[in-house]
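Residue numbers (my numbering): 1 to 225.
All C-beta atoms in this analysis are idealised placements derived from N, C-alpha and C, irrespective of residue type, glycine included.
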């Protein structure tokens with residue numbers, strides 16, 4: 001990535017919209033560009049919290065395990081998103097692990113530099129607080145919807161969550177471009193892969209969704225409401 005392109009790329013991040021050109025130019029000198037292949041680990045849970053990442057292209061999975069070693073938190077990062085915000089200004093270690101779900105391209109900035117930038121810019125701090133409130137609301141809704149008794153309902157609500165967090169509106173449908181497998185949906189919904197496959201087949205037959213090239217197209221979003 002050419003240095004002169006950095007400010008242009010930073011303008012694509014909604015969370016940085018409050019920064020003027022001078023702010024972005026100041027930020028640029030601390031920006032580093034990296035690429036990762038699918039399956040590579042960016043950081044592990046409890047690694048030193050040294051970097052704020054800015055995803056340019058591709059998708060990332062965030063996971064946290066419990067004391068028994070099983071995963072109990074899974075989330076996804078889409079392009080033009082900053083992460084991680086867990087422990088901002090406070091903790092010394094990452095709260096979860098980050099893995100490239102696809103080949104990815106990103107920037108990173110040293111965490112101490114980013115935190116200084118936020119301290120010096122009230123508008124950016126305000127935008128981050130709003131962003132964190134949105135994340136909290138999404139996860140509260142996710143928890144409410146996925147703690148249902150019926151396995152079929154948990155799967156459909158997991159798809160709803162993925163649509164809300166990763167979906168892109170395209171003509172008459174919403175497309176989840178992130179390559180989410182049945183195993184991933186099973187993990188989110190607390191069901192088996194076989195149950196997820198059966199529900200996906202039923203939804204395809206009813207025309208609620210379509211699947212092609214590892215993408216999920218939501219044709220009838222009202223079904224999940």
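{"Query": "Spatially closest choice to residue 100 from 60, 21, 169, by CA coordinates", "Result": "60"}
{"Query": "DSSP-derived helix/strand/coil call for residue 81", "Result": "strand"}
{"Query": "First and last residue of the uninterrupted beta strand (DSSP E) at residue 63", "Result": "60-65"}
{"Query": "Top-ranked residue by Cα proximity to residue 221, from 174, 200, 199", "Result": "174"}
{"Query": "Every unbroken alpha helix (DSSP H) inside the stretch 120-191 [4 residues or more]", "Result": "122-146, 151-166, 182-189"}
{"Query": "Supposed close pair residue 80, residue 106 - CB separation, criterion 8 Å", "Result": "Contact doesn't hold; Cβ gap of about 10 Å is too wide."}
{"Query": "Straight-line Cα distance separating residue 151 from residue 189", "Result": "8 Å"}
{"Query": "Burial state of residue 114 (16 or more Cβ within 10 Å)", "Result": "buried"}
{"Query": "Whether residue 95 touches residue 64 by CB criterion (8 Å)", "Result": "yes"}
{"Query": "Rounded separation between residue 275 and residue 121 - CA only", "Result": "Shown here, the chain extends from 1 to 225; a query on residue 275 therefore has no answer."}
{"Query": "Of the residues 193, 213, 218, 104, the one placed nearest residue 205, counting alpha carbons only", "Result": "218"}
{"Query": "N-terminal and C-terminal residue of the alpha helix (DSSP H) that residue 195 is part of", "Result": "193-205"}
{"Query": "Coil, strand or helix - residue 113 by DSSP", "Result": "helix"}
{"Query": "The stretch 6-24 / the stretch 127-144 touching (three or more Cβ pairs under 8 Å)", "Result": "yes"}
{"Query": "Residue 29, enclosing beta strand (DSSP E) - first and last residue", "Result": "Taken as a continuous stretch (DSSP letters only), residue 29 belongs to no beta strand (DSSP E), as it is neither H nor E."}
{"Query": "N- and C-terminal bounds of the alpha helix (DSSP H) containing residue 10", "Result": "6-10"}
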